[in-house]
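Per the working numbering: the sequence shown = residues 116 to 228.
One structure below.
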Amino acid sequence: MMPNPLLDIRIGTMVRANLDDPAAYVRQILPLGFESIQPFFWQTLGGKDIPRLAGEIREAIGDADVVISSIGVFGNPLESGEVDRGVLQAWETIIDNAHLFGTNMVSGFTGRI
């Protein structure tokens, strides 16, 4: 019998990855029953060490049945202002490091042109 993909839906939440300690927040919300999380950034990475962050969040999840479904970057990389260039750099860095979080999906929005 083939599994029904419609029954394999995880309930998740977004976690602000630029909090002072996003891993502590993950540990705090795990008892609430979330089955997936999406760490996300608003515009830039805020100086976060992404490989370290990935390890801390994965360690916080531990052996719980929780997945990191994707990493989010929200901002507009399509314009040429200073912040926009920072958003583009954030996208590039997160794309290059998504595998460290155990995911192959980066999501967000590009804003307007």
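The beta carbon of each residue, even a glycine, is placed where N, CA and C say it ideally should be.
#1: Just verifying my parser: in three-state terms, what is the DSSP assignment at ARG131?
#2: Take every Cβ of the region 172–181, pair it with every Cβ of the region 190–204, and state whether three or more of those distances are shorter than 8 angstroms.
#3: From the DSSP output, in three-state form, read off GLY190 for me.
#4: Suppose contacts are defined by Cβ-Cβ distances below 7 angstroms. Is VAL188 in contact with ILE165 by that definition?
#5: Could you work out which residue in LEU121, ILE126, ASN119, PRO118 is closest to ASP180 when comparing CA atoms only?
#6: Mapping the DSSP letters down to three states, classify GLN204 as helix, strand or coil.
#7: In three-state DSSP terms, what is GLN158?
Checking against the coordinates, here is how it stands:
#1: strand
#2: no
#3: coil
#4: no
#5: ILE126
#6: helix
#7: coil
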